[in-house]
Ligand SMILES: NC(=O)c1ccc[n+]([C@@H]2O[C@H](COP(=O)([O-])OP(=O)(O)OC[C@H]3O[C@@H](n4cnc5c(N)ncnc54)[C@H](O)[C@@H]3O)[C@@H](O)[C@H]2O)c1
Ligand SMILES: [Zn+2]
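See below:
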C-alpha cells in the first residue's frame, strides 16, 4: 500500500506497450468500493481478490498492479509463480504512510496498525517477488534480468565463454572452466560455434556465461540457443555497446559469407550482469562506438542520457532498450525496428567502405542522415560524436542500402526526439542523404 504500484504500473505498461490492469480497480468496477466490501469481512474480499487475479493472469500478457495484501494468499502466490514475473516495489514505511494516511483504505486508518501490517507482510513479499525495484526503470531492467554488479550464481554448473582480450584485462566473472574466443567480430563465425559445441561439457541444466562485448555475447548466446537444443546463458557485457544495447534483448547470432548476423536465434539471457567498472580499459574507439548507441537511444527516448553520470547513463539506456524489447520481444510488431535509427545508412557505409569504416563511426553518420531526413536538429550528434564524411564507394554503399531495405525504402526517422516513426523515403532523397556522408 502506498508503494506507487498503480502509478509505476501504468508507466511500465506504456513503456512496454502492454495492457495495464489494476486488480483493486477491477474489483471496485465489479463489486463496488473496497471499504464497503471490507465491511462484509476481509475473508470475502480476499476470496474475490484471489478469483479476480486468477482471471487476470489467464488473460493477455499485461502489467498487473496487485493490491497490497494479494500475495498473502498462498494460492495467488503459486499462480503468480507459474504465470507472472513479480516485482516487489520497495518503499519505506514512512513514505508509504504519508501517501495513504488520508485515504479511505480500510487497512490504512491508524499509523501504528499500518506499521505493524507493513512489517508483517514483508516475508510474503520476499517470497512472492522475483525482483525488488524502486521505480519504473528498475522494473523494466528487472523484467529482462538486467542488474548492476556481479553474476548471481545460477543453480546448475556453469562454463565461461570469454573474449581473450578481455580475459587479459579482467578476472572472469565466476570461477569456472573458461573457453576463449577471438577478440571482437572474429568470434562470430560458424567455426567458433562448432569449437564451442565440442568443447562445452555442460548438460541441459548448465549455464553459459558470456564475458565480452557484443561479439562475444552474440556468439555465446547463439551457442546457448543451439547447444543441446538450448541451455541457459548469462551475459556479462564488457563494452559500452554491450551494456547499453547488444547484451540486451535476446538476439543472438553469427555472420555468414553473405553478411553480418545472417544466422541466429532469439534466446534471452537469464541475466545481464553489468559492471561499468570494466569499461575503464575500453579503447577510445570502442567507447566512441558505444557513445553513438547512447546518442541513438537518447534521440529515440527523447532524453539526454549522455548528461548523466556513467552508471546512470547506462541504466537509462538499458532500461529504454528493455522497454522496446518488452513491447516487441521477437520483432513481430515492428517497434523493435526503432532501434535501427541511423543503422540503415550505417550498414551501407560499412559495406561501401569494405568494412574499413567502423560501426561506431558509421552510426554517427547514419544518425546525422536520419536527423536531416527528419528535418530535426543535428546539434547533439555533431557535438557528441563529431562525425566526418568517410571514404566509401557510393554506388556500393547505395546497393548495400537497397539490399538492407529489401527494396522497401522503409526508414526509421524522428517526428521529434522521443517520437520515432517507421516511414518511406523517396530513393532520390535517401541517396542524397547517403552521398552527403561520403567523401569523394
Ligand atoms: N544482439 C544484439 O542485439 C546486438 C546489438 C548491437 C550490436 N550487436 C553486435 O555486437 C558486436 C559489436 O560488439 P561491441 O561493439 O560490444 O564490441 P566487440 O565485442 O566486437 O569488441 C570490440 C573490441 O573491444 C575489446 N574489448 C571488449 N571489452 C573490453 C574491455 N572491457 N576492455 C578492453 N577491450 C575490450 C574486444 O576484445 C574487441 O577487440 C557486433 O557484432 C554487432 O553485430 C549485437
Ligand atoms: Zn549499432
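In the working numbering, the protein residues as written are 1152 to 1591.
The beta carbon of each residue, even a glycine, is placed where N, CA and C say it ideally should be.
Query raised in the report: Are residue 1542 and residue 1487 close, meaning C-beta to C-beta below 8 Å?
Result: no
Query raised in the report: Any heavy atom of ligand 3 closer than 7 Å to the CB of residue 1514?
Result: With respect to ligand 3, the structure shown offers nothing to examine, as its ligands consist of ligand 1 and ligand 2.
Query raised in the report: Going by the beta-carbon positions, is the gap between residue 1519 and residue 1492 smaller than 8 Å?
Result: no
Report task. State the start and end residues of the unbroken beta strand (DSSP E) segment that holds residue 1402. Result -> 1402-1407
Query raised in the report: Mapping DSSP to helix, strand and coil, what is residue 1197?
Result: helix
Query - Expected contact under 8 Å - CB spacing of residue 1313 and residue 1323 to nearest Å - result: 6 Å
Requested in this report: Kindly indicate which three-state DSSP category residue 1532 falls into: helix, strand or coil?
Outcome: helix
Query raised in the report: Comparing the CB of residue 1190 with every heavy atom of ligand 2, is any distance shorter than 7 Å?
Result: no
Report task. Measure the Cβ-Cβ separation of residue 1545 and residue 1586 and say whether it is below 8 Å. Result -> yes
Report task. Look at residue 1332 and residue 1309 and say whether their C-beta atoms are less than 8 Å apart. Result -> no
Report task. Can you give me the start and stop residues for the beta strand (DSSP E) that residue 1422 sits inside? Result -> 1422-1425
**Report entry** Reference residue 1360; option with closest CA among 1413, 1409 and 1419
**Finding:** 1419
Report task. Inspect the beta-carbon positions of residue 1423 and residue 1485 and report whether they are closer than 8 Å. Result -> no
Query raised in the report: Name the DSSP bridge partner or partners of residue 1302?
Result: Residue 1302 is not bridged to any residue.
Query raised in the report: Closer than 7 Å: is that where the CB of residue 1429 sits relative to any heavy atom of ligand 1?
Result: yes
**Report entry** Whole-Å CB distance - residue 1231 paired with residue 1274, under 8 Å assumed
**Finding:** About 15 Å separates the two Cβ atoms, so there is no contact after all.
Query - Limits of the beta strand (DSSP E) - the one that residue 1239 falls within - result: 1238-1240
Query raised in the report: Helix, strand or coil for residue 1316 per DSSP?
Result: helix
Query raised in the report: Less than 8 Å separating the beta-carbons of residue 1569 and residue 1452?
Result: yes
Query - Proximity of residue 1241 and residue 1284 at Cβ, strictly below 8 Å - result: yes
Requested in this report: Determine, using beta-carbon pairs with one atom in the region 1377-1394 and one in the region 1247-1266, whether at least three such pairs fall under 8 Å.
Outcome: no
Report task. Identify whether residue 1261 lies in helix, strand or coil by the three-state DSSP scheme. Result -> coil
**Report entry** Simplified DSSP state of residue 1413, which is helix, strand or coil
**Finding:** strand
Requested in this report: Using the Cα positions of residue 1237 and residue 1201, report the straight-line distance between them to the nearest angstrom.
Outcome: 16 Å
Query raised in the report: Name the DSSP bridge partner or partners of residue 1330?
Result: 1312
Report task. Pair every Cβ in the region 1522-1534 with every Cβ in the region 1458-1470, then say whether three or more of these pairs are closer than 8 Å. Result -> no
Query - For residue 1571, the residue or residues it bridges with in DSSP - result: 1565
Query - Distance CB(residue 1255)-CB(residue 1186) smaller than 8 Å - result: yes
Requested in this report: Taking only the alpha-carbon atoms, compute the straight-line gap between residue 1266 and residue 1196 and give it to the nearest angstrom.
Outcome: 21 Å
Query raised in the report: Which residues in the same chain as residue 1433 place their Cβ atom closer than 7 Å to its Cβ, once the five residues preceding and following it in sequence are excluded?
Result: 1390 and 1391
Report task. Enumerate in chain order the residues of its own chain whose CB-to-CB distance from residue 1217 is below 6 Å, with the five nearest sequence positions on each side excluded. Result -> 1174
Query raised in the report: Taking 7 Å as the cut-off, does the CB of residue 1200 come closer than this to any heavy atom belonging to ligand 2?
Result: no
Query - When 1220, 1248, 1209 and 1223 are compared against residue 1103, the one with the closest alpha-carbon - result: Absent from the structure is residue 1103, since the part of the chain shown begins at 1152 and ends at 1591.
Query raised in the report: Looking at residue 1491 and ligand 1, is the gap between the Cβ and the nearest heavy atom below 7 Å?
Result: no
Query raised in the report: Would the beta-carbon of residue 1311 fall within 8 Å of that of residue 1329?
Result: yes
**Report entry** Residue closest to residue 1401, alpha-carbon to alpha-carbon, out of 1481, 1497 and 1178
**Finding:** 1481
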